[in-house]
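For the first sequence, position 128 matches number 154 in this note's numbering, and the numbering has no gaps at all.
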Amino acid sequence: MIRLFNTYSRQLEDFAPLDPPNVSMYTCGPTVYSQAHIGNFRAYIFEDLLQRHLEARGFKIHRVMNITDVDDKTIRGAREAKVSLNNFTEPFKRGFFEDLETLRIKRADEYPGATEPRYLTRMIEMISELIKRDLAYQADDKSVYFRINKFPGYGKLAHLNLEELRPTGRVRSDEYEKENIGDFALWKAWDEADGDVGWDSPWGRGRPGWHIECSAMATTLLGDQIDIHCGGVDNIFPHHEAEIAQSEGVTGKKFVRYWLHCAHLLVDNQKMSKSLGNFYTLRDVTAKGYSGREVRYALLRVHYRAQLNFTFEGMEESRQALTRIDEWLQRLRQTSASGAPGKGVGPVPTNDFQSTLDDDLNISGALGILFESIRETNRAMDANELDTYGAKAWLQWWEEVNQVLALEATQTMALPPEIETLAEARGIARLANDWQKSDELRRELNARGWEVRDTKDGQKITRRAGIKP
RNA sequence: GGCGGGGUAGCCAAGUGGUAAGGUCGCGGUCUGCAAAACCGCUAUUCGCGGGUUCGAUUCCCGCCCCCGCCUCCA
Numbered sequence: 027m028i029r030l031f032n033t034y035s036r037q038l039e040d041f042a043p044l045d046p047p048n049v050s051m052y053t054c055g056p057t058v059y060s061q062a063h064i065g066n067f068r069a070y071i072f073e074d075l076l077q078r079h080l081e082a083r084g085f086k087i088h089r090v091m092n093i094t095d096v097d098d099k100t101i102r103g104a105r106e107a108k109v110s111l112n113n114f115t116e117p118f119k120r121g122f123f124e125d126l127e128t129l130r131i132k133r134a135d136e137y138p139g140a141t142e143p144r145y146l147t148r149m150i151e152m153i154s155e156l157i158k159r160d161l162a163y164q165a166d167d168k169s170v171y172f173r174i175n176k177f178p179g180y181g182k183l184a185h186l187n188l189e190e191l192r193p194t195g196r197v198r199s200d201e202y203e204k205e206n207i208g209d210f211a212l213w214k215a216w217d218e219a220d221g222d223v224g225w226d227s228p229w230g231r232g233r234p235g236w237h238i239e240c241s242a243m244a245t246t247l248l249g250d251q252i253d254i255h256c257g258g259v260d261n262i263f264p265h266h267e268a269e270i271a272q273s274e275g276v277t278g279k280k281f282v283r284y285w286l287h288c289a290h291l292l293v294d295n296q297k298m299s300k301s302l303g304n305f306y307t308l309r310d311v312t313a314k315g316y317s318g319r320e321v322r323y324a325l326l327r328v329h330y331r332a333q334l335n336f337t338f339e340g341m342e343e344s345r346q347a348l349t350r351i352d353e354w355l356q357r358l359r360q361t362s363a364s365g366a367p368g369k370g371v372g373p374v375p376t377n378d379f380q381s382t383l384d385d386d387l388n389i390s391g392a393l394g395i396l397f398e399s400i401r402e403t404n405r406a407m408d409a410n411e412l413d414t415y416g417a418k419a420w421l422q423w424w425e426e427v428n429q430v431l432a433l434e435a436t437q438t439m440a441l442p443p444e445i446e447t448l449a450e451a452r453g454i455a456r457l458a459n460d461w462q463k464s465d466e467l468r469r470e471l472n473a474r475g476w477e478v479r480d481t482k483d484g485q486k487i488t489r490r491a492g493i494k495p
């Protein structure tokens with residue numbers, strides 16, 4: 027049985043979807059006003075792990091991730107760049123999908139955009155319904171707001187007492203038109219800053235509030251009730267609270283059955299921010315020579331509900347750990363291909379990896395099992411106790427594990443001609459026992475970024491840094 | 001002030017009412033022409049602090065300290 031921590035109940039709950047084996051999953055996606063940063067990707071990697079593990083357990087996932095392509099920041103960005111909203115967001119969308127691929131994050135089934143007519147129609151429909159039910163009203167500023175006092179459950183997800191909310195600088199002081207400071211915008215009336223961005227509605231020209239898009243897309247694509255809804259902890263309030271209010275206000279049904287939230291990524295123990303200079307996009311990290319899978323490992327290896335401190339020391343640890351896995355696989359493949367009977371007393375795979383993940387995605391525990399398995403099988407291979415059959419069983423086990431982790435090295439790339447030449451020269455020097463020349467060539471290869479290792483089958487040359495996944 | 005997450009070896013980190021997984025780093029060894037990788041061994045008498053419950057607590061209870069996040073459109 028899979029157990030997940032539900033933010034709503036603040037408890038671990040047994041996971042049982044509404045319509046097994048189908049699972050509907052909604053994950054809050056990026057606002058495409060800039061390049062996504064590694065903190066964003068931590069959340070997406072967590073969601074990817076969740077999806078992959080559920081699939082490994084036989085569930086069929088229908089996952090939706092929204093793309094917010096209209097909001098204050100996208101509008102401002104387009105205005106400053108003097109391009110249309112769509113032209114402004116398009117490159118960021120494209121970059122986002124490229125980054126997903128670099129990190130081996132599975133594609134969602136749908137990526138609805140907030141500006142797509144289909145969803146705008148649905149948003150307007152929902153807002154109308156909310157007004158009809160007295161859960162929303164149009165204020166003097168022409169914007170439409172959700173009336174939180176009429177929705178008894180408001181605040182339950184975040185466990186917030188609305189009376190005790192402390193106003194911060196983020197509350198705009200000019201929002202006096204609202205009945206209650208906590209009322210949030212469903213439809214924002216057009217103003218000059220919006221330029222040519224706007225859609226007609228029963229309440230005049232304007233654009234959707236941020237929260238309503240998710241309610242509209244989720245209910246359109248996944249139905250009135252969805253199994254899992256994920257996001258970063260910062261989305262709990264107000265975003266997800268608002269989604270509940272809007273969706274349940276319209277449908278009258280329980281909107282989400284399991285709320286899962288991922289803790290923040292810290293950099294050097296502090297929140298990532300541009301002013302502190304600790305703000306990284308994925309490209310910033312890959313530009314330093316780290317591959318996508320190395321970043322994936324670094325962001326994956328800590329439990330999703332614990333804050334993860336990103337450091338380059340951590341990147342080095344990740345690189346080493348992956349190398350260990352790579353070497354092990356190579357060895358296992360050799361053993362499995364050798365045809366040697368062996369003594370056949372080596373260790374045999376178990377389901378511990380999966381059952382550990384069942385416990386609220388305990389990835390650290392699961393990785394511990396992977397590395398223990400690596401040590402045991404390596405030891406067995408050293409002792410010649412793992413036969414072809416045993417090695418094949420472990421490779422099969424790895425296939426299943428890797429379906430969830432997605433950390434296997436891609437096929438080794440062909441050596442560039444000049445590297446090939448150096449390697450051949452070194453091979454010849456070695457045959458002649460010319461160690462001085464051999465070492466010199468090894469240093470040369472190292473200097474060019476290639477790792478040289480001599481094995482009983484001759485030298486092995488690998489590129490360990492700076493390549494794509 | 002309210003609501004959360006967390007304090008376990010140099011660093012990252014799992015975990016249980018019965019005496020500390022795993023990764024990384026460092027040191028020693030096997031292997032190697034030398035390396036590298038792999039493997040073996042060593043590295044927390046101890047799990048923020050102080051009480052309590054218990055035969056026994058890192059794990060349960062109480063109090064305290066510290067760090068981080070959220071508190072109205074940041075994953």
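Glycine included, every Cβ here is placed at the ideal spot set by N, Cα and C. Everything numeric in this text was worked out from a predicted model, so none of it was measured.
Per-residue DSSP class, three states only, for residue i
i	result
GLY275	helix
THR53	strand
ASN32	strand
LEU38	strand
GLU136	strand
LEU441	coil
PRO375	coil
ASP352	helix
GLN251	coil
ILE157	helix
GLN429	helix
VAL197	The pLDDT assigned to VAL197 is 46, lower than 50, so where the model puts this residue is not dependable; a value taken from the coordinates is nonetheless given after this. Three-state DSSP puts VAL197 in coil, outside helix and strand.
GLN333	coil
ALA455	helix
ALA435	coil
THR94	strand
GLY257	strand
Outcome for residue i when other beta-carbon atoms lying within 10 angstroms are tallied against a minimum of 16
i	result
ARG20	As displayed, the chain neither begins before 27 nor continues past 495, which places residue 20 out of reach and without an answer.
TYR34	buried
LEU38	exposed
ASP95	buried
THR128	buried
TRP420	buried
GLN77	buried
TRP461	exposed
MET243	buried
LEU396	buried
MET407	buried
Nonlocal neighbours in the same chain, by C-beta distance under 6 angstroms from residue i, ignoring five residues either side
i	result
HIS79	LEU383 and VAL430
THR277	ASP250
CYS288	ALA69, PHE72, GLY258 and TYR330
GLY103	TYR59 and PHE114
TRP423	PRO375
MET51	ILE87, ARG89 and ILE254
LYS99	TYR59
Residue closest to residue i, alpha-carbon to alpha-carbon, out of the options
i	options	result
SER110	MET27, ASP40 and ASP222	ASP222
TRP285	GLY278, ALA104, GLY303 and ASN261	ASN261
GLY235	SER169, PHE31, GLU402 and LEU326	SER169
ASN175	LEU161, GLU426, ASP166 and THR141	LEU161
ALA449	ALA435, TRP423 and GLY484	GLY484
ARG36	VAL90, ALA134, LYS182 and MET51	LYS182
GLY139	GLY55, LEU156, VAL321 and GLY121	GLY55
VAL311	ASP97, ALA332, GLU339 and PHE263	GLU339
THR141	ASN92, ARG130, GLU124 and TYR180	ASN92
GLN346	GLU124, GLN356, ILE131 and ALA324	ALA324
Contact set for residue i: own chain, Cβ-Cβ below 7 angstroms, skip 5 residues either direction
i	result
THR237	What sits at residue 237 in the sequence shown is His, not Thr. These residues qualify, in order along the chain: PHE210, HIS265, ALA268, GLU269 and GLN272.
HIS63	MET298, PHE305, TYR306 and THR307
ASN32	GLU39, TYR284 and TRP285
PRO46	none
N- and C-terminal bounds of the alpha helix (DSSP H) containing residue i
i	result
LYS119	111-128
GLN61	No alpha helix (DSSP H) holds GLN61; DSSP gives it neither H nor E.
HIS4	No answer is possible for residue 4: it lies beyond the span of the chain, which begins at 27 and ends at 495.
ASN404	389-408
ALA473	461-473
ILE101	98-107
VAL321	318-326
Start-to-end residues for the beta strand (DSSP E) that takes in residue i
i	result
ASP480	476-481
ARG489	484-489
VAL90	86-91
VAL170	170-172
Own chain partners of residue i with C-beta closer than 8 angstroms, once the 5 adjacent residues on each side are dropped
i	result
ARG468	ARG452 and VAL478
LYS280	GLN251 and GLU274
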